[in-house]
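Reviewing the structure listed below.
There are 2 protein chains.
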Amino acid sequence: MAGPGTVMPTIREVARLAGVSVATVSKALNDSGKVSEALRERVETAARTLGYAPHASARSLRSGATRILGLLVADITNPFFLKLVEHIEQLASAAGYSVILCNSGEESEREERHLRMLLSQRVDGILLIPVRDRWRGRIGALARLPQPLVLVDRMLEGLEADSVTIDNRMAGYLAGEHLIRLGHRRVAIVMGSPEHPIARHRLDGFREALATGGIALDEQLIARNCFNEEAAYRSVLALLDRAERPTAILATNNHLTLGLLRAVTDRALAIPDALSVIAVDDLPFSAIMRPGLTVVMQPSAAIAEAAISGLLDRIGGRNPEDGARAVVLEPRLAVRGSTAAPPSRA
Amino acid sequence: MAGPGTVMPTIREVARLAGVSVATVSKALNDSGKVSEALRERVETAARTLGYAPHASARSLRSGATRILGLLVADITNPFFLKLVEHIEQLASAAGYSVILCNSGEESEREERHLRMLLSQRVDGILLIPVRDRWRGRIGALARLPQPLVLVDRMLEGLEADSVTIDNRMAGYLAGEHLIRLGHRRVAIVMGSPEHPIARHRLDGFREALATGGIALDEQLIARNCFNEEAAYRSVLALLDRAERPTAILATNNHLTLGLLRAVTDRALAIPDALSVIAVDDLPFSAIMRPGLTVVMQPSAAIAEAAISGLLDRIGGRNPEDGARAVVLEPRLAVRGSTAAPPSRA
DNA sequence: CTGTTAGCGCCTTCAA
DNA sequence: TTGAAGGCGCTAACAG
Chain E
1166 MAGPGTVMPT
1176 IREVARLAGV
1186 SVATVSKALN
1196 DSGKVSEALR
1206 ERVETAARTL
1216 GYAPHASARS
1226 LRSGATRILG
1236 LLVADITNPF
1246 FLKLVEHIEQ
1256 LASAAGYSVI
1266 LCNSGEESER
1276 EERHLRMLLS
1286 QRVDGILLIP
1296 VRDRWRGRIG
1306 ALARLPQPLV
1316 LVDRMLEGLE
1326 ADSVTIDNRM
1336 AGYLAGEHLI
1346 RLGHRRVAIV
1356 MGSPEHPIAR
1366 HRLDGFREAL
1376 ATGGIALDEQ
1386 LIARNCFNEE
1396 AAYRSVLALL
1406 DRAERPTAIL
1416 ATNNHLTLGL
1426 LRAVTDRALA
1436 IPDALSVIAV
1446 DDLPFSAIMR
1456 PGLTVVMQPS
1466 AAIAEAAISG
1476 LLDRIGGRNP
1486 EDGARAVVLE
1496 PRLAVRGSTA
1506 APPSRA
Chain S
1166 MAGPGTVMPT
1176 IREVARLAGV
1186 SVATVSKALN
1196 DSGKVSEALR
1206 ERVETAARTL
1216 GYAPHASARS
1226 LRSGATRILG
1236 LLVADITNPF
1246 FLKLVEHIEQ
1256 LASAAGYSVI
1266 LCNSGEESER
1276 EERHLRMLLS
1286 QRVDGILLIP
1296 VRDRWRGRIG
1306 ALARLPQPLV
1316 LVDRMLEGLE
1326 ADSVTIDNRM
1336 AGYLAGEHLI
1346 RLGHRRVAIV
1356 MGSPEHPIAR
1366 HRLDGFREAL
1376 ATGGIALDEQ
1386 LIARNCFNEE
1396 AAYRSVLALL
1406 DRAERPTAIL
1416 ATNNHLTLGL
1426 LRAVTDRALA
1436 IPDALSVIAV
1446 DDLPFSAIMR
1456 PGLTVVMQPS
1466 AAIAEAAISG
1476 LLDRIGGRNP
1486 EDGARAVVLE
1496 PRLAVRGSTA
1506 APPSRA
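These protein sequences, in sequence, are chains E and S. With the working numbering as the guide, the letters of the first sequence map in order to residues 1166 to 1511. With the working numbering as the guide, the letters of the second sequence map in order to residues 1166 to 1511.
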């Protein structure tokens, strides 16, 4: 029968059953100090018999470490972040850490609440994908965190903290370069706010790549301030309904890509014959899409790895006080079927 | 500068700064006992000044409760489970609980390790989506858990524990009934092992619905033991290459649906004109599929809600020892474009 | 090698 | 209404 009927035994009961002192039990179970083989076995048997599991709170209180990491995600519905969560949980677990997962849903109040909680829990370290807006007033609090912090995917201007990000300018550049090489000249971009560094950098890189090909990005073909699928959908419809339709469109993230695809489907345009589509961020299940989506992929496994190992280094006291470490990883172009040469002029 | 430079103040330093005793600080900050308004404000100011956050481990050690829930998921890459995670985190957080997320990746050893850890953490309650295989030897351990446990989505034969599941027979039935009404007579099913209750119940319901329409499910058209997308893909190819191709196929879960769709695309069959496709479990981003996928949806929000509220009830000591509570929720058919009447005979 | 002991930070009697 | 003191379970320092 499950339920609070049973109570967890303490180290003293294990000690009593094994006929030794509590200190010996502690040492035997933790491989610390010297304990004779005979006793260690008696202790382990006793512990197993009683179903003993050490009380993590008591241990933390004494030792000052919880072996818990806080993972604070801006928006868990974003498949890219989700992938990161998956990898991070896996890596943390392999390193002997548990993960408290928190989702901010892009609301800074939620992030703040969660952060306070993680502080109370005295997690040994925090991985933070910060919310997009209204973080300005809070970088002070972040800077004063007593435990190591690693920013993931998004940097925070004015906060000197470790970070793992990708080269977003490069992401935009790769997309632009690919389209240019295919011969596109009238291309569009669907993006969020230029206020957000990530979107801005992707735009910059995109524009730069076009310029390299002698093309100036038409300001009319930049759909800014699309913050969700719906906004992207409407903006793309507008782009497609122009007299001179673009021959290719870049969506700068996951959510926007969905809106983009929906709009293209609504207008019954064939991909890639009538229109090339390219996106930053892969979609889950893009495998079932025909044609496959050409994307600039973010190396989620590598990001997770860099974030965790950087954090554990700090926790372990390695990488001492020599300022913030900024790891920047390279995105990669995956060409699939959604991009092709532009339709020949009618 | 982030990092372990700063140390978190204790309740004693708050007390000193406020010029009161630690007991008063505790009472003031927790609304317990009587504290004069003047003191409470002095205390709160002091706490804020110092950036004090109570040490959760110390509190747990003393109080016996951690306000942490363990969420142990068989496979976080399954979009349906993911949806549950999302809802559960949200609801737990709203109720003042944190969530330690663990992913077993369908490996019972990982599940076991995680469970031991959650035990050590003395989480107040556990939500468990158990791995599919090799759980038999472990129901003893689960039954003896000192904290409340709620099984989610999957029951465990022989374990008397609270559970929240859906009516899987009904799920199969809804799919079968829909196809029958459309006039299909030669239908196929792609499923996992009949050993697994969920798959078996869905098959049973499906068969029953067909029988109601006077159709006997052809044993040749049951693709059993498909445990992943790849297996489903190959099985469906085989089904489609038969002399007498089925006019409709049901995939009994998320992963299998992907394999099914891939196979259909490979054979260049038009959905729903040449073949109707129906699935249990919605796909994320099914919104961008054209035609939309007709699915039997699991009410993930309701499942999460029932699971959390059931668990919190147990934690709160409500629902006392009156045996296991089994909540069974109803799936729902969402008709979209992937199903239609069968092609008329050539 | 093993045992004894102090104390981590907090909350909850109990006394003033 | 406020303060003093004990102890939750564990580990680390020290004694034997």
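All C-beta atoms in this analysis are idealised placements derived from N, C-alpha and C, irrespective of residue type, glycine included.
Once you ignore the five residues that flank E/L1266 on each side, which residues in its own chain have a CB closer than 6 Å to its CB? L1236
Residues of chain E with a CB under 7 Å from the CB of S/N1514: which are they? Because chain S spans 1166 through 1511 in this model, residue 1514 of chain S falls outside it and cannot be assessed.
At a CB distance below 7 Å, what residues from the segment 1380-1391 of chain E approach chain S? Give them in sequence order. none
What are the boundary residues of the beta strand (DSSP E) that includes S/I1291? 1290-1293
Return yes when the Cβ of S/V1493 is within less than 8 Å of the Cβ of S/D1332, no when it is not. yes
Is there a Cβ of chain S sitting closer than 8 Å to that of E/P1437, yes or no? no
E/K1199: buried (16+ other C-beta within 10 angstroms of its C-beta) or exposed? exposed
How would you list, in chain order, the residues of chain E whose beta-carbon sits under 8 Å from the beta-carbon of S/E1251? I1241, T1242, N1268
Considering only residues of the segment 1439-1493 of chain S, which uninterrupted beta strand (DSSP E) runs meet the minimum length of 3 residues and lie entirely inside it, listed in chain order? 1441-1445, 1459-1462
Report buried or exposed for S/G1261, applying the criterion of at least 16 other Cβ atoms within 10 angstroms of its Cβ. exposed
Interface partners of S/S1225 on chain E, CB under 7 Å: S1222
Contained alpha helix (DSSP H) runs [length at least 4] in the segment 1281-1341 of chain E, N- to C-terminal order: 1304-1308
What in chain S is Cβ-close to E/L1284, meaning under 7 Å? A1218
Can you confirm whether S/V1172, when its beta carbon is compared against all beta carbons of chain E, has any partner nearer than 8 Å? yes
Examine the Cβ distances between the segment 1187-1206 of chain E and the segment 1199-1216 of chain S and report whether three or more of them are shorter than 8 Å. no
What separation, rounded to the nearest whole angstrom, lies between the Cα atoms of S/A1218 and E/S1285? 5 Å
Just the Cα atoms here: how many angstroms apart are S/E1271 and S/V1296? 5 Å
Can you pull the DSSP bridge partners for E/G1235? E/I1265, E/I1291
Identity of the residue in S/A1221, S/M1173, S/I1291 nearest S/R1479 by Cα: S/I1291
Rounded to whole angstroms, what's the CA-CA distance from E/E1276 to E/L1386? Just pull it up for me. 35 Å
How would you label E/G1302, buried or exposed, when you count the other beta carbons within 10 angstroms and need 16 or more for buried? exposed
Could you check what DSSP says for S/I1345 in three-state terms: helix, strand or coil? helix
Nearest-angstrom Cα separation, counted from E/C1391 out to E/S1400: 8 Å
Burial state of E/D1289 (16 or more Cβ within 10 Å): buried
DSSP state of E/I1253, grouped into three classes? helix
Who are E/R1497's beta bridge partners in DSSP? E/M1462
Taking Cβ positions only, does S/T1412 come closer than 8 Å to chain E? no
Does the count of Cβ pairs from the segment 1361-1371 of chain S and the segment 1333-1345 of chain S closer than 8 Å reach three? yes
Checking 8 Å against the spacing of the C-beta atoms, do S/A1444 and S/A1416 come in under that value? yes
Within the continuous alpha helix (DSSP H) that includes E/I1176, where are the two ends? 1176-1183
I want to see whether chain S comes within less than 8 Å of E/R1501, judged by CB atoms only; does it? no
Using DSSP's beta-bridge definition, name the partner residues of S/V1355. S/A1388, S/A1416
Determine the closest residue to S/R1455 out of S/R1501, S/R1490, S/R1410, with distance taken between C-alpha atoms. S/R1501
Quick test of your reading: E/L1347 and E/A1506, contact by CB under 8 Å. State the CB separation rounded to the nearest angstrom. 5 Å
Where does S/R1365 fall in DSSP's three states? helix
Same chain, Cβ closer than 7 Å to S/V1317, neighbours up to 5 away in sequence not counted: L1249, L1292, L1293, I1294, V1329, I1468, A1472
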